[in-house]
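Following the UniProt record's numbering, the numbering of the sequence shown begins with 1 at its first residue and continues without gaps. We treat Cβ as the ideally placed atom computed from N, Cα and C, and that holds for glycine. What follows is one structure encoded as structure tokens, with my remarks underneath.
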Amino acid sequence: MSDAGSNVGRRAGILGAAVGVLAVGAAAGVAIERMTVGRVRRRAEEELDAIAEFGTLRGEPHIVAAEDGVELYAEVDGDPRAPLTVVLCHGYTLNMDCWHFQRAELQDDYRLVLFDQRSHGRSGRGAPETSTIDQLGEDLYAVLQELVPRGPMVLVGHSMGGMTIMALADQHPELFGRRIVGVALLNTSAGKWATVTLGIPAAGARLLHRVAPGVMRTLGRRAALVEAGRRAARDLVYVFTERYAFDSDVDPTVVRFTDRMISATPIDVIAEFFPAFETHDKLAALPVLGRVPTLVVGGAGDLMTPASHSEAIHDALPDSELVVVPESGHLTPLEHPEVVNAALRGLLARAAREPGRHAGTGGGPRRNGSFGSPRSGGDRDAG
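So this is what it looks like as structure tokens:
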């Protein structure tokens, strides 16, 4: 072999050895991280089971029939004689239990209505074609008709729950400023979600948004196989949850609680709803929310719905209050409950002070009268 050929061979050998060392080091790093994460996850799971706190707050159960017959599971909690009802709408892959800290904070002073979005939590499964933001808006309308037929209310939505409220504003604007006297939009977006980079380089994000809907459809069609893979990769799922849901050093039991909610959402449900975010656009509906006090909360470290999306909502609603929480990821209500609870208290106080926006007190049972009217059943002698 010539000297040139020998040199090439040596360089190739050195390069191959270097690659081999890097590969072994990377594999060892992954293995160590998985072992570490596995221990943290298992310890968090044991502690979560031991304290038996998260997910144990319960109210009076109700089943609300959506317009297509899907059964929506709901609970009514808090003070039944309170003058204001707070309706809590959860986000994608979660359920009503994600409001644990807000429920504990508000239940002594307000009437609370919580429900699981269709195909989430204890609610019934909807047909795949109904996995849309507009359908969620109509579902929310059905819940309000059934469980808050009278009296003023404030709507609070996180992520997909915020989008649900925007859909309701688009479909039933007559409710805002009459029955609905306040709105809180937490870690959500009014549109252009396809531009979100998700914390990866822009070129990769554009590719991801382009191929993700097709990949999701494929995963949905192979749900049984994917679910088995999710169970086998629980440690990696835990890491994903920790990195994308939070931006600070949260208690591992909170991460595990979140992980459990996400893991309980079937992969085909995740796949069916995903395309809805790519096409979501409710910017034109935002002025309707300007009729009522509105709180907008974003997380400075939110990779799913960045703070810029909260700022865009605030720009469209100049009278709204904007709170961007430092060191907060996508699940600000769980990561920084004290900040969210204080902001909600402020919103509820402002909503209660608004003159001429509502009449009557209490939520009470369904009565006769026009649901959209500010006095629909609000007079206790009516109906």
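With DSSP as the reference, please indicate the residues paired to residue i in a beta bridge.
i: Cys98; result: DSSP, once it has assigned bridges, lists no residue as partnering Cys98.
i: Arg111; result: Gly78 and Thr85
i: Met153; result: Thr85 and Ile180
i: Glu321; result: Leu295
i: Gly191; result: Asp281
i: Tyr73; result: Ile63
i: His90; result: Answer is none; His90 lacks a bridge partner.
i: Lys186; result: According to the sequence displayed, residue 186 carries Leu and not Lys. Note: Leu186 sits in a beta bridge opposite His158 and Val297.
Confirm, please, whether the CB-CB distance from residue j to residue i is below 8 Å.
i: Phe101; j: Asn341; result: yes
i: Glu311; j: Val250; result: no
i: Val156; j: Ala194; result: no
i: Leu348; j: Val154; result: yes
i: Leu84; j: Tyr110; result: yes
i: His280; j: Asp302; result: no
i: Leu295; j: Glu327; result: no
i: His172; j: Gly91; result: no
i: Pro80; j: Gly182; result: no
i: Leu136; j: Leu112; result: no
i: Leu72; j: Arg118; result: yes
i: Gly298; j: Ala285; result: no
i: Gln107; j: Asp139; result: no
i: Pro128; j: Glu272; result: yes
i: Asp116; j: Ser123; result: yes
I need the boundaries of the alpha helix (DSSP H) containing residue i, first residue and last residue.
i: His309; result: Ala307 to Ala316
i: Val340; result: Pro337 to Arg353
i: Pro252; result: Pro252 to Ser263
i: Gly137; result: Ile133 to Leu147
i: Ala161; result: Contrary to the premise, residue 161 reads as Gly rather than Ala in this sequence. Met160 to Gln171 is the extent of the alpha helix (DSSP H) around Gly161.
i: Val288; result: Leu286 to Leu289
Closest to residue i by CA distance: which of the options is it?
i: Leu289; options: Glu338, Ala142, Ile313 and Phe115; result: Ile313
i: Thr130; options: Ser328, Pro275 and Asn187; result: Pro275
i: Ala167; options: Tyr244, Thr305, Gly346 and Leu283; result: Leu283
i: Glu75; options: Val143, Leu94 and Ile133; result: Val143
i: Val325; options: Leu106, Leu140, Val211 and Leu186; result: Leu186
i: Trp99; options: Pro252, Pro337 and Met163; result: Pro337
i: Asp268; options: Arg222, Pro287, Ala66 and Thr258; result: Arg222
i: Met163; options: Lys192, Arg179 and Gln145; result: Lys192
i: Asp319; options: His309, Arg350, Asp259 and Arg345; result: Arg350
i: Glu67; options: Pro201, Tyr141, Gly59 and Thr132; result: Tyr141
i: Pro152; options: Ile180, Leu175, Arg125 and Ile165; result: Ile180
i: Pro287; options: Thr218, Glu174 and Val86; result: Glu174
i: Arg217; options: Pro149, Gly199 and Ile270; result: Ile270
i: Asp315; options: Arg125, Leu207, Arg58 and Ala190; result: Ala190
i: Ser248; options: Ala300, Leu207, Thr197 and Ala203; result: Ala300
i: Thr197; options: Glu354, Thr332, His309 and Arg58; result: His309
i: Arg150; options: Asp170, Val86 and Arg206; result: Val86
i: Thr332; options: Phe246, Gly204, Pro266 and Glu278; result: Phe246
i: Arg206; options: Glu278, Arg58, Val339 and Ile165; result: Glu278
i: Val64; options: Gln145, Arg58 and Gly204; result: Gln145
i: Thr265; options: Glu105, Ala82, Arg125 and Arg58; result: Arg125
Check for me: the beta strand (DSSP E) holding residue i runs from which residue to which?
i: Glu60; result: Glu60 to Ala65
Can you tell me the Cβ-Cβ gap for residue i and residue j, rounded? I've got them flagged as a contact below 8 Å.
i: Gly121; j: Met96; result: 6 Å
i: Met261; j: Leu94; result: 5 Å
i: Val255; j: Tyr238; result: 7 Å
i: Val323; j: Ala343; result: 5 Å
i: Gly214; j: Arg291; result: No, Gly214 and Arg291 are not in contact; Cβ-Cβ is about 40 Å, not under 8 Å.
i: Thr305; j: Thr188; result: 6 Å
i: Thr258; j: Thr241; result: 6 Å
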